[in-house]
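A.B. asks: Would you mind keeping the following structure in view while I ask a few things?
Number of protein chains: 2
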Amino acid sequence: MVPHLITALTGPLLDLEKRMLDKTTEIERWFRLAWNESTPPFYSSVDVRNAGFKLAPVDTNLFPGGFNNLAPEMIPLAIQAAMSAIEKICPEARSLVLVPEKHTRNTFYLSNVARLAAILKQTGLDIRIASVSDEITGPTKFELPDGQFLTMEPLIRKGDRVGVAGLDPCAVLLNNDLSAGVPPILRGLTEQVVLPPLHAGWATRRKSLHFAAYKEVAESFAEMLSIDPWLMDPYFDSRSQLNFHERVGEDSLAEAVESVLAKTRAKYAEYGITEEPYVVVKADAGTYGMGIMTVKSGEEVVNLNRKQRNKMSVVKEGLEVSDVIIQEGVHTFESIDDAVAEPVVYMIDRYVVGGFYRVHTGRGRDENLNAPGMHFVPLAFEKPCNTPDCADRPDAAVNRFYAYGVIGRMAALAASYELDRMAPVEQPA
Amino acid sequence: MVPHLITALTGPLLDLEKRMLDKTTEIERWFRLAWNESTPPFYSSVDVRNAGFKLAPVDTNLFPGGFNNLAPEMIPLAIQAAMSAIEKICPEARSLVLVPEKHTRNTFYLSNVARLAAILKQTGLDIRIASVSDEITGPTKFELPDGQFLTMEPLIRKGDRVGVAGLDPCAVLLNNDLSAGVPPILRGLTEQVVLPPLHAGWATRRKSLHFAAYKEVAESFAEMLSIDPWLMDPYFDSRSQLNFHERVGEDSLAEAVESVLAKTRAKYAEYGITEEPYVVVKADAGTYGMGIMTVKSGEEVVNLNRKQRNKMSVVKEGLEVSDVIIQEGVHTFESIDDAVAEPVVYMIDRYVVGGFYRVHTGRGRDENLNAPGMHFVPLAFEKPCNTPDCADRPDAAVNRFYAYGVIGRMAALAASYELDRMAPVEQPA
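Chains as they are written, first to last, in my numbering: chain A, 1 to 429; chain B, 1001 to 1429.
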C-alpha cells in the first residue's frame, strides 16, 4: 500500500487540473503534433513542484538516474517506450554500451543502471556497461542491494568508435551527464549513434536556455487551454560572470532576485496567494542540487558568509560556478505524514513511463530536496500517468499523475527545442 | 485474485519455453528487424493453444473484439501502443470514426467498442462511433453493463469520404470484419485513411493464406532458436469448391483430413506424445466459430448427417462455405478448476497489450471454445507479456505470458505478410 497524499488543492490549480481533464484529447493531440516536428530526448526525468496553486517543472535531467525507483508495474511501459525509441533511432541495432556516471560506490545509482540495462535488453539489444572511470581497468562486478550483480567494463576507443573488449556496439547510451566536460574517449564518434547527443551534457547545457524554451512551450500550451501560462511556468532570470569567492556580481544577482520576487509577488496578489514568495539561485550548468540556495530577498545574496559562498562556488566534479539561474521558487505543498514530497516524472522518448516522489521528513516545503548527501525515500507513483479518468475527482491519483505527466512532457518538449538550438553546426564534408 | 492455472508443462514445450527465455534479446531483435521490413496490422488478436508439448496460434483476428476483457492494468500499454501506431500512420489526425459490427444487442461487444474508443481518445483523437447497420438511423444510445453509455450514429457518405453528422474524420477504424462483403458506403474511400485496409476483411481474407504466411514466419523463427518449427506451427491443408449440402468434395476433404492426421501422428510418435491427434475443419473465410468441426478421421467427414452439413455450410451473415482449411488440432491442456482455458493475445501495432483466457467448464480440451452461443468466462492475463524473468521458472506467469506474446506476434507478423500479398494492385493515376 502507498500512503495517501495530502495536498492543498485550492483555487487556481484545481481549475488547471479540471481544465486538463476536460481537454485530455486536445492535450494529447497537441503533444502528437508537437512531437511530429521535434525529436524527443531519448530519456528524461523532470522534477515537478506542486504548490497547490501552481504546478511546474524545476529541473529537467537528460541523463536520468532513478529508474530503479519506478514501480515494477511501470516497467512494461518503459520497455514498450524503449522499443519505440530504438525502432526510430537505430532500428537495426544489435548492441549498445551504456556509459554510467563514475561514482560506483552509490549502490542506488548502480541499481538504476541495472534497471536501465534490463529495460534495454528487452528491446533486443545486447547490453554492456562501460565506464569512463580510471578505476575500472577490467571487468568489475558490483553487488546490488537486491543481491544481483552488475558488471562494469572499461570503455575502449578504436578509431572513430568505442566499445568494450570483444564488442563493437551499434550505439552508445550515456547515463553520465558530462558535468566534467566530454571525456576525450567520447569525442568525434562519427560512426556510432550516441544517445543523448554530447551537447546534452552539462558541459554545454544551460538551465536558462532550457527554461527559455520551456516558457515558449508553456505559452503555447496555455493558449490552447486558455489559461495563464504562469500556472505552469516559474519566472526566471540569469546572471553570468559571477565570482562567489571574490564577491563579483553580487549586486547584479541581488537585482535579479528582487526582480523575480517582484513579478512573483504581483502574481500572488492577482491570485490572492498569501504564501511568501522565494527564489532559488542555482548554477546555470549542473545538477545534483549542488551550487544552489534559497533566498527571500536580494539582500540575502550580498551578505553571504564564507561557507555559503563556498557552497555556491562549486558544483559536481569541482567545477567553478560563474553563471546562475534565478528561478521563482515553487512551494511543495504535497506531503505524506508531515514529510515533504516532490514528484519526479520519468520519460522514455515521448512516453511517460512512471515516476516517484522524493519524500523527506527533515526539510521545509521551500527547501531543496535533492541536496548532496540528502537521503530521500523514494515513493513510486502507484498509477500510470496516461490514464486520466474524467469521471473521477481532479485530485484522484490517476488525474494527479496525468497532470504531472503533462508537465513532464512539456519540459521534455522544451529540452528537445533546447537541444535543437544547441546542436553543433554540421561541417561540410 | 486470479485462479492458478494448472498446466501440463512437459518435455518439448518446457524446452521451447526455456529456449525462448534464454533468447529473449535475440527474439526481440528478430521481431524489431522483421517489423522494420513489414507494417504491423493496426490491431489484432490471436487465439493460442497450449498443448503442453506444443504452443501455436489457431486463429488470427484483424478486427479484434474483446478489448473489454483485458485487465485494466494493461490499458496504459494499449494507450501507448495506439499512440505509437497513430503517430506512424496518421500523425496529424484530429478525428476518427470507429465502425463496429452490426450486432448491437451484444452488450459485451459494445463494451469492447467503448473500451477501444477510450483507448483511442487518449491518442488525441476525437472519436465517434458510426454504424453501417440499417437499424441505426440517428444518434442511438446504448447502455453498457458497467452503467455507462455509448452513442452510435449512422455512417454517412459524402463524395470520397465517410463521416457522421457534423464530422468529416481524418481516419476510419474498422472493428467490423466485413464477413458480408464490403458495404458500398466503405468502397473507394480514396481520401481517408482506412484501418485495417478493406482487404483485411473476411470478404477477401483466407485462413489458408494466413497459415501459409505463418509457416514461413515459424520456420524463420525456429531457425533462429534452432528448434523444430512444428512446436509452434500446426499442419494444415485446404480444399475449395466444396458443397456440404450437395455432398460435393467429401472424398477430397477426407483425403486432406487423413493427410494432416498422418503427418501429425508421425510428429506425435517422434516426440513420444500419446494423445490422439485430431483435425479441425473450418471455413477458410470467416470467424466466430461457425462453420467449424472437429474430426479424428477422414471417414467422419463423409458421413455427416444433415444437421452437421447445415452447420458447416453457413458462417456469419449467412455466407455459404465452399472453401475450408483442415488444420491440425492443438490440444488445450490449460485448465482452471477443471475448466478448459484458451488464451487470446491482443496486439496494437507491434506491441502485445495483454490478453485473456476463454474459460469454459462444459467442453473437452479438443473442442472449440468460440462456438455460437457459447458463454465463456473471460479471465484477464494478470501480468504483462513483455517482462520475461529469466531468473524465474519457465512456467511462471510472466514467462508463460511472454511465450504467448511471442506466438501472438508471430501470427501478427504472418498477417502483415498476408495483407501485403493480398493488397490490391495500385492503379496508375
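C-beta: ideal position from N, C-alpha, C; glycine also. Predicted model only: the values in this text are computed from it and were never measured.
How would you list, in chain order, the residues of chain B whose beta-carbon sits under 9 Å from the beta-carbon of A/S45?
C.D. replies: Result: empty, since nearest Cβ-Cβ is about 18 Å, beyond 9 Å.
A.B. asks: What residue from B/I1348, B/A1051, B/A1093 has the CA that sits closest to B/R1061's CA?
C.D. replies: The question names Arg, but residue 1061 of chain B is Asn in the sequence shown. Of the listed residues, the one whose Cα sits closest to B/N1061 is B/I1348.
A.B. asks: So, does the CB of A/L98 fall closer than 8 Å to a CB anywhere in chain B?
C.D. replies: No - not a single Cβ of chain B is within 8 Å of the one on A/L98.
A.B. asks: By how many angstroms is the C-alpha of A/A262 removed from the C-alpha of A/E270?
C.D. replies: For A/E270 and A/A262, the distance between alpha carbons rounds to 12 Å.
A.B. asks: Rounded to the nearest angstrom, what separates B/S1203 and B/G1355 at their Cα positions?
C.D. replies: Before going further, note that residue 1203 of chain B is Ala rather than Ser in the sequence given. Taking the straight line from one Cα to the other gives about 26 Å.
A.B. asks: By how many angstroms is the C-alpha of B/A1130 removed from the C-alpha of B/F1149?
C.D. replies: Each residue's alpha carbon lies about 15 Å from the other.
A.B. asks: Quick one: what's A/E418 bridged to in DSSP?
C.D. replies: For A/E418, which the question treats as bridged, DSSP gives no partner whatsoever.
A.B. asks: Looking only at its chain, what residues have a beta carbon closer than 7 Å to the beta carbon of A/V359, apart from the 5 residues adjacent to it on each side?
C.D. replies: Taken in chain order, the residues that qualify are I336, A339, A341, F376, V377, L379.
A.B. asks: Does any C-beta atom of chain A lie closer than 8 Å to the C-beta of B/Y1351?
C.D. replies: By this cut-off, B/Y1351 is an interface position.
A.B. asks: Please classify A/A114: is it buried, with 16 or more other beta-carbons within 10 angstroms of its beta-carbon, or exposed?
C.D. replies: Answer is buried; the Cβ neighbour count reaches 16.
A.B. asks: Just to check my reading of the structure: B/C1390 and B/F1401 have Cβ atoms closer than 8 Å, yes? What is that Cβ distance to the nearest angstrom?
C.D. replies: The Cβ separation is near 14 Å, so there is no contact.
A.B. asks: Where are the alpha helix (DSSP H) runs, 4 residues long or more, that stay fully inside the region 1166-1228 of chain B, in chain order?
C.D. replies: Fully enclosed alpha helix (DSSP H) runs of 4 or longer: 1207-1225.
A.B. asks: Does any CB atom of chain A fall closer than 8 Å to the CB of B/M1020?
C.D. replies: It does not; no Cβ of chain A falls within 8 Å.
A.B. asks: Is there at least one Cβ from chain B nearer than 8 Å to A/A339's Cβ?
C.D. replies: False, the Cβ-Cβ gap to chain B never drops below 8 Å.
A.B. asks: When every heavy atom of the ligand NAD is checked, does at least one fall within less than 7 Å of the C-beta of A/T294?
C.D. replies: Judged by which ligands are present, the structure shown has none, so any question about the ligand NAD falls away.
A.B. asks: List the residues of chain A that B/K1121 touches, going by C-beta distances under 9 Å, in chain order.
C.D. replies: The contacting residues are T24, T25, E28.
A.B. asks: Can you tell me where the beta strand (DSSP E) holding B/K1158 begins and where it ends?
C.D. replies: Start and end: 1156-1158.
A.B. asks: How about A/L144 and A/S111: are their beta carbons less than 8 Å apart?
C.D. replies: Cβ distance < 8 Å, so A/L144 and A/S111 count as in contact.
A.B. asks: Strictly under 8 Å for the Cβ-Cβ distance: is B/S1131 near chain A by that measure?
C.D. replies: By this cut-off, B/S1131 is not an interface position.
A.B. asks: Taking B/S1084 as the query, report the chain A residues whose CB atoms sit under 7 Å from its CB, ordered along the chain.
C.D. replies: Per Cβ cutoff of 7 Å: S84.
A.B. asks: Inspect the CB distances between the region 272-291 of chain A and the region 214-226 of chain A and report whether three or more fall short of 8 Å.
C.D. replies: Too few Cβ pairs lie closer than 8 Å, so no.
A.B. asks: Relative to chain A, which residues along the region 1055-1087 of chain B have a C-beta separation below 8 Å, given in chain order?
C.D. replies: Answer set for the region 1055-1087 of chain B: E1073, I1075, P1076, L1077, I1079, Q1080, A1081, M1083, S1084, I1086, E1087.
A.B. asks: Determine whether the beta carbon atoms of B/N1243 and B/S1179 lie at a separation below 8 Å.
C.D. replies: No, the pair does not count as a contact, with Cβ atoms beyond the cut-off.
A.B. asks: Cβ closer than 8 Å: which chain A residues qualify as neighbours of B/F1401?
C.D. replies: Neighbours of B/F1401 on chain A: none; closest Cβ ~11 Å, over 8 Å.
A.B. asks: Return helix, strand or coil for B/P1384, following the three-state DSSP convention.
C.D. replies: Residue state, collapsed to three classes: coil.
A.B. asks: Strictly below 8 Å CB to CB, what residues from chain A border B/F1381?
C.D. replies: Residues of chain A passing the Cβ test: none, with the nearest at roughly 11 Å.
A.B. asks: Hey, does B/E1017 have any beta-carbon neighbour from chain E nearer than 8 Å?
C.D. replies: In the structure shown, chain E cannot be found, because the protein chains are A and B.
A.B. asks: 8 Å is my cut-off, CB to CB: does A/T204 come that close to chain B?
C.D. replies: No, no contact with chain B.
A.B. asks: Take B/D1168 as the anchor and find which of B/N1175, B/D1177, B/P1091, B/V1193 has the nearest alpha-carbon.
C.D. replies: Minimum Cα distance to B/D1168 is reached at B/V1193.
A.B. asks: With the cut-off set at 8 Å, would you say B/L1125 and B/S1095 are in Cβ contact?
C.D. replies: Contact flag set, yes.
A.B. asks: Would you be able to state if there are at least three C-beta pairs under 8 Å between the region 1011-1030 of chain B and the region 1403-1418 of chain B?
C.D. replies: Flag = yes, the region 1403-1418 of chain B and the region 1011-1030 of chain B touch.
A.B. asks: Return the CA-CA distance between A/G166 and A/E320, expressed in angstroms with no decimal places.
C.D. replies: If you take the alpha carbons of A/G166 and A/E320, they lie about 39 Å apart.
A.B. asks: Quick check: is the beta carbon of A/E92 nearer than 8 Å to any beta carbon in chain B?
C.D. replies: Yes, A/E92 lies at the interface with chain B (some Cβ there is under 8 Å from its Cβ).
A.B. asks: Can you grab the Cα-Cα spacing for the pair A/D420 / A/S313, in whole Å?
C.D. replies: So the two alpha carbons sit approximately 29 Å from each other.
A.B. asks: According to DSSP, what are the bridge partners of B/Q1327?
C.D. replies: Its beta-bridge partners are B/F1236, B/V1280.
A.B. asks: Hey, out of A/G188, A/Q122, A/T104, whose CA is closest to A/P154's CA?
C.D. replies: Closest by alpha carbon: A/T104.
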